[in-house]
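**Student:**
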């Protein structure tokens, strides 16, 4: 899959074990890929920052930060994991794998963490950029796409001096095996969008998207101007 022979194969085995299929040791400790996922997340962000810094020498920090966020998002990493075939090897509880749709992206992070421990930073840097990003990632498509609707909405509110808040909590269908969150966007105390998702972050993005989908900046400004006049 990655084109090299591991030194410590046990690291890679561990990277494939989702927490729903944890191995429990005699002392009661649960063994899964969460620690490697934590490490891999940091490594991917560092390598991606290095990559974008070189690829876009004339772009500002805001552009680089936004593009990096798109690349390292759970959704993007999940797609990468499927594209390279990693999803076929992830070990998880059957019922959990259906509801937690980003487990392959989590396993991808854990696998990169394993490569880092096994081969070092320079090796994982070349692997991620030259073998994975080069083959499976389109920077042009990511640059043109808009995925961080929450940040865009917050920036718009700050620019136009409006207060924004996200009221997020468990949905009525929430359960341990089916985590669902529901979020409402409030601008100046008025409900303007709603969304749900498997995490608080995803629910808030969907809620912000519901605003962006139906209203342009001009329409938002017109509506909020009306609210301002009514409350004066």
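Numbering (full-length UniProt numbering), first residue to last: 1 to 232.
Quick reminder that beta carbons are idealized off the backbone N, C-alpha and C, glycines included.
The model shown is predicted, which means the values in this text are computed figures rather than measured ones.
Would residue 36 pass as a contact of residue 110 if the rule is Cβ separation under 7 Å?
**Tutor:** Yes.
**Student:** I'd like the list of long-range same chain contacts for residue 118, defined as Cβ closer than 6 Å, with 5 residues on each side in sequence excluded.
**Tutor:** Here the set comprises 6, 7, 8, 11.
**Student:** Which residue wins for smallest C-alpha separation from residue 44, given the options 193, 114, 203?
**Tutor:** If we check each option's Cα against that of residue 44, 114 comes out closest.
**Student:** With a CB to CB cut of under 6 Å and the five nearest residues on each side skipped, what residues in its chain are close to residue 71?
**Tutor:** Contacts found: 48.
**Student:** Distance, Cα to Cα, residue 200 vs residue 123?
**Tutor:** Taking the straight line joining both Cα atoms gives about 35 Å.
**Student:** I need the boundaries of the alpha helix (DSSP H) containing residue 42, first residue and last residue.
**Tutor:** Where residue 42 is concerned, the enclosing alpha helix (DSSP H) stretches over 34-55.
**Student:** Between the Cα of residue 182 and the Cα atoms of 61, 190, 172, 191, which residue gives the shortest distance?
**Tutor:** Taking only the C-alpha atoms, the option nearest residue 182 is 172.
**Student:** Assuming residue 150 and residue 75 form a contact by the criterion Cβ under 8 Å, report the distance between their Cβ atoms to the nearest whole angstrom.
**Tutor:** Incorrect: roughly 14 Å between the Cβ atoms, too far for contact.
**Student:** Quick check on DSSP: helix, strand or coil for residue 131?
**Tutor:** Residue 131: helix per DSSP, three-state reduction.
**Student:** Can you give me the start and stop residues for the beta strand (DSSP E) that residue 115 sits inside?
**Tutor:** Run containing residue 115: none in the beta strand (DSSP E); it sits in the alpha helix (DSSP H), 103-119.
**Student:** Could you tell me if residue 202 is buried or exposed, where buried requires 16 or more neighbouring beta carbons within 10 angstroms of its beta carbon?
**Tutor:** Flag for residue 202 reads buried.
**Student:** Is residue 23 helix, strand or coil by DSSP?
**Tutor:** Strand.
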